[in-house]
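Just so we're aligned, residue 145 is where the sequence shown starts under the numbering used here, counting upward by one. Note that CB positions come from ideal geometry on N, CA and C, so glycine has one too. No experiment lies behind these values; they were computed from the predicted model shown. Comments concern the structure below.
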Amino acid sequence: MQALDALLNRVSVPRLTDPAPTAAQREALFGAALRAPDHGHLQPYRFLTVEGPARERMGELLAEAAQMQDGEVTEAAIDKARNGPLRAPLVVVVIAKLQDHVKYPKSEQLLAAGCAAHGILLAAYAQGIGAVWRTGELAYSKHVAKGLGLTEDEQVIAFLYLGTPLKEPRVAEKVELAEFVSAWPAEA
């Protein structure tokens, strides 16, 4: 697949099944992630792969975090959290490793980690792997961070669900570029 095709046509694929990406496909996924723009070569990201029975353990961790939320939490919300990781054969947790640096602020490091996550999505699409980026408030839970083994300077920025599409991915809708692009200064 040509790079421009992936950039212009990638779509989220939320309905996934086995098999998970192969070892060779994963090498390409993470290789693409490591090509993210990264001022200072800080590599402000790391990744956890969650598959097999570990998805059930991750689901229990998310269910615990859901129960700890303020206010009324329904049993349906707890079940949704518990079953979330089971929606794909592979979940990649993208973690931003934010470092104090005199020249490169944490905001740029966070953006670099986001670009790494996007690189995985693009590489997945290019290989015919279904993928969707999910977060939700539980991704930012201190309980989830602790359970996943994150340090104080780390934060989850994405749960990437990857697998084989259950059906043909939708066609990317065409967007009117003029709604997003303008010249500066604007002409009167």
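Delimiting residues of the alpha helix (DSSP H) encompassing residue i
{"i": "tyrosine 189", "result": "Careful: tyrosine 189 lies outside any alpha helix (DSSP H), inside the beta strand (DSSP E) at 189 to 195."}
{"i": "alanine 172", "result": "167 to 177"}
Test item: CB-CB of residue i and residue j under 8 Å
{"i": "cysteine 259", "j": "alanine 316", "result": "no"}
{"i": "alanine 164", "j": "leucine 230", "result": "no"}
{"i": "leucine 123", "j": "alanine 209", "result": "Since the first and last residues shown for the chain are 145 and 332, residue 123 lies out of range."}
{"i": "valine 236", "j": "leucine 306", "result": "yes"}
{"i": "glutamate 204", "j": "arginine 226", "result": "yes"}
{"i": "alanine 268", "j": "isoleucine 301", "result": "no"}
{"i": "aspartate 297", "j": "lysine 241", "result": "yes"}
{"i": "valine 157", "j": "glycine 228", "result": "no"}
Cβ separation of residue i and residue j, assumed to be a contact under 8 Å, to the nearest whole Å
{"i": "isoleucine 239", "j": "leucine 294", "result": "6 Å"}
{"i": "alanine 176", "j": "isoleucine 264", "result": "6 Å"}
{"i": "glutamine 146", "j": "proline 188", "result": "Not confirmed; about 29 Å, so no contact."}
{"i": "threonine 308", "j": "leucine 160", "result": "6 Å"}
{"i": "glutamine 271", "j": "alanine 172", "result": "6 Å"}
Residue i - DSSP class collapsed to helix/strand/coil
{"i": "leucine 160", "result": "strand"}
{"i": "leucine 186", "result": "coil"}
{"i": "alanine 180", "result": "coil"}
{"i": "glutamine 146", "result": "coil"}
{"i": "glutamate 252", "result": "helix"}
In chain order, which alpha helix (DSSP H) runs of at least 4 residues are fully inside the segment 200 to 248? 219 to 227
Whole runs of the alpha helix (DSSP H) within the segment 262 to 329, excluding any shorter than 4 residues: 286 to 291
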